[in-house]
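The structure under discussion appears below in the form of C-alpha cells.
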Amino acid sequence: MYPEDTIAKILKVTALNRRSFLKWSAALGGTAALAGGGFRLLQTARSAEAAGTPEDRVVWQACMVNCGSRCPLRVHVRAGEIVRVETDNTGTDEYGNHQVRACVRGRSVRKRVYNVDRLKYPMKRIGKRGEAKFQRISWDQAFDTIAGELKRIKAAYGNEAIYIHYATGTLGATVAKSWPPRATPIARLMNCYGGYLGHYGDYSTAQISAALPYTFGSTAGNSIDDIENSRLVVFFGNNPCETRMSGGGVTYLFREAKKRSGAKVILVDPRFTDTGVACADEWVPIRPGTDAALVNGLAYVMISENLIDQHFLDRYCVGYDESHMPPGIPPNNSFKSYILGISADQTPKTPRWAEEITGVPADTIVRLAREIAMTKPAYIAQGWGPQRQANGEQTARSIAMLPILTGNVGISGGNTGGRESGYGIRVAAFPTLDNPVKASISFFTWSDAIRRGPEMTATRDGVRGVERLSVPIKFLWNYAGNALINQHADASGSAKLLANDKLCEMIVVIDNHLTPSARFADLLLPDTTNFEQNDIAPQGSSGNMGYAIFAEKAIEPMFECRTIYDMCTEIAKRLGVEREFTEGRTQDEWLRHVVEATRQNLPNFPAFDDFKTMGIFKMKNPDGHVVAHKGFRDNPTTNKLTTPSGKIEIFSEQLYQLGKTWELPKGDVITGLPQYTPTWEGVSDALRGKFPLQMITHHYKQRTHSTYGDVAWLREAHPQELWVNPVDAKVRGIKPGGRVRVYNERGQVELPVKVTSRITPGVVSLPQGAWYTPDSRGVDQGGCANTLTVYRPSPLAKGNPQHTNLVQVEKA
Amino acid sequence: MGKQRAFHVDLSGCIGCKACQIACQDKNKLEAGSTWRRVAEVVGGHWVPLGGQWHTDTFAYYVSMACMHCEKPICCEVCPTHARAKRPDGVVLIDQVKCVGCRYCEWACPYGAPQYDASAGKMTGCNFCEDLLAQGKNPACVDSCVMRVLKFGELEELRAKYGTVNAIAPLPEAKLTNPSVVFTPHRHARLSGEDAGLDVTVDKRGAK
Chain A
1 MYPEDTIAKI LKVTALNRRS FLKWSAALGG TAALAGGGFR LLQTARSAEA AGTPEDRVVW
61 QACMVNCGSR CPLRVHVRAG EIVRVETDNT GTDEYGNHQV RACVRGRSVR KRVYNVDRLK
121 YPMKRIGKRG EAKFQRISWD QAFDTIAGEL KRIKAAYGNE AIYIHYATGT LGATVAKSWP
181 PRATPIARLM NCYGGYLGHY GDYSTAQISA ALPYTFGSTA GNSIDDIENS RLVVFFGNNP
241 CETRMSGGGV TYLFREAKKR SGAKVILVDP RFTDTGVACA DEWVPIRPGT DAALVNGLAY
301 VMISENLIDQ HFLDRYCVGY DESHMPPGIP PNNSFKSYIL GISADQTPKT PRWAEEITGV
361 PADTIVRLAR EIAMTKPAYI AQGWGPQRQA NGEQTARSIA MLPILTGNVG ISGGNTGGRE
421 SGYGIRVAAF PTLDNPVKAS ISFFTWSDAI RRGPEMTATR DGVRGVERLS VPIKFLWNYA
481 GNALINQHAD ASGSAKLLAN DKLCEMIVVI DNHLTPSARF ADLLLPDTTN FEQNDIAPQG
541 SSGNMGYAIF AEKAIEPMFE CRTIYDMCTE IAKRLGVERE FTEGRTQDEW LRHVVEATRQ
601 NLPNFPAFDD FKTMGIFKMK NPDGHVVAHK GFRDNPTTNK LTTPSGKIEI FSEQLYQLGK
661 TWELPKGDVI TGLPQYTPTW EGVSDALRGK FPLQMITHHY KQRTHSTYGD VAWLREAHPQ
721 ELWVNPVDAK VRGIKPGGRV RVYNERGQVE LPVKVTSRIT PGVVSLPQGA WYTPDSRGVD
781 QGGCANTLTV YRPSPLAKGN PQHTNLVQVE KA
Chain B
813 MGKQRAFHVD LSGCIGCKAC QIACQDKNKL EAGSTWRRVA EVVGGHWVPL GGQWHTDTFA
873 YYVSMACMHC EKPICCEVCP THARAKRPDG VVLIDQVKCV GCRYCEWACP YGAPQYDASA
933 GKMTGCNFCE DLLAQGKNPA CVDSCVMRVL KFGELEELRA KYGTVNAIAP LPEAKLTNPS
993 VVFTPHRHAR LSGEDAGLDV TVDKRGAK
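Written out as C-alpha cells, the structure reads:
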C-alpha cells in the first residue's frame, strides 16, 4: 500500500472535490480541471525524481480493453508510480517478426489509471437510483449486503433472476476479466451458488455472428496478412486503421501486406475512413444499410455477363440456381432467380435498381462487378459496421455472396466476405465451471428481461435453453461494463427503466471509474486496474503471429481498490462456497495453474517464472497464413462444412423455416436467401420526411467504445464531433467548428460539428462511446450516440441495430 | 560541428492516430494543451450532383510534425533573451533559465511548434528526446509509430534515402526557415502554398 500520508492527501483532495465529482458534468468536465492537482502522487514522484531516486523499474503490462487487439505495454515505475508508458521493444521489428506496438489509447493509459474519476472505496446508493448519490461504506458492509441480497433473491425468484451483464471494460486477461461474462470470476462464483441467467451474442458482432454460420458453418476468415497473396481487396465497412490501430495488429499488417502484393483496395463505406486515407485506391460512398443492394447489383452484372465461377457454385454450394436447391423448396427461390427477378418480387436487381437504393452510380456498379469478378484472388471482407443494422443479418450474408459467386472462398489471397482473422496461441483458461441455469437470452434483450422477463419466449425473443423465461431479472452484476446506459441502445429509455428499483431490485457495479452506468449502482465497488495485480493476457493475435503477455503487477492497489478475485472470494465466503470457488488457490496460484495446464499441450510455452521475466511470448502459425475453409475447398467430400448440407448454403433451409415459424414484428423478415431488406429508419423509410439524415455511430480513435473516454490527452487529440457533409451543413446554415443539435424522437445531443467531405451527403456520424451526460433539460452534452439509437432487436440475432437511425441536425 | 538531426515522415502511410503525439506527451510529461508533436488532417475535394447521384473526388491525408529544428530558425532570431539557440548539432533548444515566456517564438514560428507552459511561464518544445538519444534510443515518437512511418536520423542520410521534400500543404514553403525534415508525400499531397480549398484541422479542441 501507499504510505499513509500519501493516501491521506489523496483522500483530502478527493473530499474537497467530491461534491462536483458526483455531478453529471464533473464526470467529464471536471477531469481536466482537477488533473493537475487531483493526484498528489504525481508531486510525490516528481520530488523523488529530483532527489535522484533509483532508476525506473520497467514492468510488462497490457492494454486490456475491447478493441480486438491486445497490446503489450512496458510501464516505467518510480517510487510506486507509473511515470511513463512504452510498448513492445523486442526484436528487430521486421515485418513478420514485428513489434506489437500499442496505439494512441494504450500510450495514454497512465492518465486512465491516475484519473480523477477513479472509484476509491465501496459506496452504497443513498438517493434515487441514477442520481449518483452515494455514501462510503466498508468492504465488509458491501460484501454482507451482496451476499444477503443474493440469498434473498435466490430464495424469492430462483437463480434465473440473477444476471451477469455484458461487459468489456477489462478484457483480455485470464482471471481479472469482464468478458466474456461466462468466463469471469463472477460467473464462477455464481456457478458455485446455483447459476445465473446467461446470454449469447455481443454488441460488436451480433448479426454477423448469428447469420454467417448459416452460410459457412462459422464466421471464419483468412488472416489479414494473406493479402500478400491477393490482387484485389474489397472492404465493406472494414476499417482496421481506426478500429484496430495496434501497431502489431491489423492496421500495420494490412498496409505491409498490400505493399507486398500491390493489390488494389476498394473501400465501400459511408465514411472516407483512415483506412481509406492510408490504404484505399478507390472509395465507393454508400448509404448505410444498403450494402446488400449493392451486392445484388454487382451480382446482376456478374450473372448476366457470365462472370461467375459456375464450377465453384455447382460443386461447393447449395441454392445458387434452381438445379441446386434443397428438396421441397418451391421453385424460383434460388439466388439466381432472385437476382434476375424471376422470384416472387418480380424485380430484376439491375445496377439501376441498386443505384436508386445505394446512391452508387449504375456505371460504377458495372465497372466494379467486372473488376471484382475478373481480378483473382480477391480478398473480400466486411467489418462489423454493416451488420450492426436493422437488416444486419441480411447484409452480412449478402456481402459473403461476392466471394462465393467469384470462387474466392478457401484459397490463399481470397476470403469468405467475413472479417479478417489471425492466429492465436491456445493458452488454458481460468475455469468457471458449468452454469446450472439453462436459460439464456440475447445480450441485447436484458432490458426486456427486466421489464417483462416471463413474457419472453424462444420463438419471439430468441430465448434459448427454455421455451420461456420464468422470472424477470432481479439482481444484476455489472462488472467493468458501461452497457447499462452508455453502450446499450436508447440511453434515456434505459435510465428510466433502471430508475425503477421495484423492477431490477439490486444492481452491483464494479469498476475503475465513475461511468454513466456506475451512476445507476445500488452498490458501487472500486476495482483495481490490471496494473495493480498480476494476470496473463493469453490471446494476442497479429496475423499469423500469436502472442501472450505476462501482465505483472506494477503498482499497489490505489485507494481501497480490491481485485475482482478477492471480491468474489469474500462473497463466496459469505455464501458458504469459498472452498468451491477458490479450490484453495490465490489469483497468482491460478495463474501458475493455467501456465502449467498450457504447457501440457504446448511444451514450448514458457514456465511461469520465465514467462514473468520475458513479459511477452510470441509464436508464429506453423501453417503460415490462415486460409478459411481451405480443407473444404481442397476436398469438399471429406472436409464438409458444419452446415446441414456440408456445403456453402447460399439458400439456408434452416433460415427459411425460421422465417415461417418465428413470431416477428411487422416488417421484419428472416429469409432463406440473403436479400436486400428495407427497414424502419432505413434509407427508404417515410420517416425521413421528418428526420432526413441517416446517422451511423463509428468507432472512434479517442476511445475503445467508452473506455478511455475520460482521458484529456485523447479528448484533445480526437475530439468528439458530429461528422456532417458540407452539402448538408450548408442548407442548415451550419459552419465548421460550431455546435449543433442532433435529435430524433428518442433524444437530443449537442456537440461540436466537423463539416467534412469525408462523409456521404445525407449521412451523419456520431462517434460511439462518448459518455452520456444529460443536462437539466435532458439534452445530452456528452455526445453519447445511444441517446439517439433505438432499442429494437434485429430479426434473427435479436441484436443491436445501432447504425440504423434517422435524425435531424440544426445549429445549437 | 555535429551533423544535423532530423525526422523523416512517410505521409503515404500515416493514419492520423496520433500515437506519436501522446507518446511525446507521456515521455515529456506534458499535460493536455501542450503538444510538442502534432498531426494535421488535410481534406480536399468536392461533392457534385450528376445524373441524380452524388459524385466526389474527396481525398485526405495527415501531416505529423514537431519542431523542424530549422536551418534558419526564426524563433532564435526573434527571441529577445537569447533563450533560443541552435546548437552545433542543429538542435534548436530553449534555455529554461533565460526564457521569459514572452511567446515571440510561438508567434514567429510558421509551424506553430513552440509550446507555452502556462504553469512555468516558459516556452517548451521538441529536443529529439535528448535523454533517450544519449542512451542510444530513438525519440519516443519514433518508436511509438504503429505504421512505422516516422523515422529519426541525420538529415543528409535521410535525404539520400528518402528525398528532399521538406514542405507539404498545409505547411509553409521551405524557403522561410529551411526546416530540417524529410517528407515522403502522400499520393494526394498538395504542395505548400497550394492549399486553397483544403480543410485543415490541427486541433487543440476537446481538451477541456
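Taken in sequence, the protein lines are chains A and B. Anchor point for the first sequence: position 250 equals 250 in the working numbering, and the numbering is continuous, going up by one each time. Anchor point for the second sequence: position 103 equals 915 in the working numbering, and the numbering is continuous, going up by one each time. Cβ atoms here follow ideal geometry from the backbone N, Cα and C, with glycine treated the same way. Here the structure is a predicted model, which means the values were calculated and not measured.
At what residue ranges does the region 102-168 of chain A contain a whole run of the alpha helix (DSSP H), taking only runs of 4 or more? 104-107, 109-113, 139-157
Using a cut-off of 8 Å between C-beta atoms, extract the partners of residue 764 of chain A located in chain B. What residue 764 of chain A touches in chain B: nothing, since even the nearest Cβ is about 14 Å away.
From the DSSP secondary-structure annotation, give me the bridge partner or partners of residue 72 of chain A. A:62
Between the C-alpha atoms of residue 499 of chain A and residue 291 of chain A, what's the straight-line distance to the nearest angstrom? 39 Å
Nonlocal neighbours in the same chain, by C-beta distance under 6 Å from residue 886 of chain B, ignoring five residues either side: 920, 989
C-beta atoms of residue 561 of chain A and residue 589 of chain A nearer than 8 Å: no
Environment of residue 853 of chain B [buried if 16+ CB atoms lie within 10 Å]: buried
With H, G and I counted as helix, E and B as strand and the rest as coil, what does DSSP make of residue 998 of chain B? coil
C-beta neighbour in chain B for residue 235 of chain A, strict 8 Å: no
Per DSSP, which residues does residue 750 of chain A bridge with? Please list them. A:741
Contacting positions in the region 819-849 of chain B - beta carbon closer than 9 Å to chain A: 824, 825, 826, 827, 828, 829, 830, 831, 832, 833, 834, 835, 837, 838, 839, 841, 842, 843, 844, 845, 847
Helix, strand or coil for residue 643 of chain A? Go by DSSP, reduced to three states. coil
What is the DSSP secondary structure of residue 1011 of chain B, counted as helix, strand or coil? strand
In DSSP terms, what residue 872 of chain B is bridged to: B:855
Among A:124, A:302, A:654, A:580, the one whose alpha carbon lies nearest that of residue 672 of chain A: A:654
How about the region 203-220 of chain A and the region 785-799 of chain A: do they share at least three Cβ pairs that are nearer than 8 Å? yes
What span of residues does the beta strand (DSSP E) with residue 611 of chain A cover, start to end? Counting along the chain, residue 611 of chain A falls outside any beta strand (DSSP E), though it belongs to the alpha helix (DSSP H) covering 608-614.
Going by the DSSP bridge assignment, what does residue 723 of chain A pair with across the sheet? A:754, A:765
Can you tell me whether DSSP reads residue 401 of chain A as helix, strand or coil? helix
DSSP state of residue 918 of chain B mapped onto helix, strand, coil: helix
Residues that residue 252 of chain A contacts on chain B, provided the C-beta gap is smaller than 8 Å: 958, 959, 960
Please compile the residues from chain A whose C-beta is within a distance smaller than 9 Å of the C-beta of residue 923 of chain B. Per Cβ cutoff of 9 Å: no residues; residue 923 of chain B is ~18 Å from chain A at best.
Euclidean distance between Cα positions of residue 32 of chain A and residue 82 of chain A: Residue confidence is low: residue 32 of chain A scores 31 on pLDDT, short of 50, so the model does not pin down where it sits. Its coordinate-derived value is still stated next. Cα-Cα distance, rounded: 19 Å.
In chain order, what residues of the same chain have a beta carbon less than 6 Å from the beta carbon of residue 656 of chain A, not counting five sequence neighbours either side? 672
Check this for me: beta carbons of residue 835 of chain B and residue 880 of chain B, under 8 Å apart or not? no
Let me know the alpha helix (DSSP H) ranges lying completely inside the region 637-681 of chain A, each 4 residues or longer, listed in chain order. 653-661
If you compare alpha carbons, which of A:452, A:678, A:513 is closest to residue 118 of chain A? A:513
Ignoring anything shorter than 4 residues, give me the alpha helix (DSSP H) runs that lie fully in the region 554-582 of chain A, in order along the chain. 564-575, 578-582
Can you give me the Cβ contacts of residue 857 of chain B inside the same chain, cut-off strictly under 7 Å, excluding the 5 residues immediately before and after it? 868, 869, 870, 871
Figure out for me which residue from B:862, B:840, B:897 has the closest Cα to the Cα of residue 943 of chain B. B:840
Shorter than 8 Å from the beta carbon of residue 247 of chain A to some beta carbon of chain B? yes
In terms of residue numbering, what span does the alpha helix (DSSP H) encompassing residue 732 of chain A cover? That residue, residue 732 of chain A, is in no alpha helix (DSSP H); it is neither H nor E in DSSP.
Where does residue 302 of chain A sit, in a helix, a strand or coil, going by DSSP? helix
In angstroms, rounded to a whole number, what distance separates the CA positions of residue 572 of chain A and residue 164 of chain A? 16 Å
Are the C-beta atoms of residue 47 of chain A and some chain B residue less than 8 Å apart? Low confidence applies to residue 47 of chain A: its pLDDT is 39, below 50, so where it sits in the model is not reliable enough to give any reading.
Where residue 968 of chain B falls: helix, strand or coil (DSSP): helix
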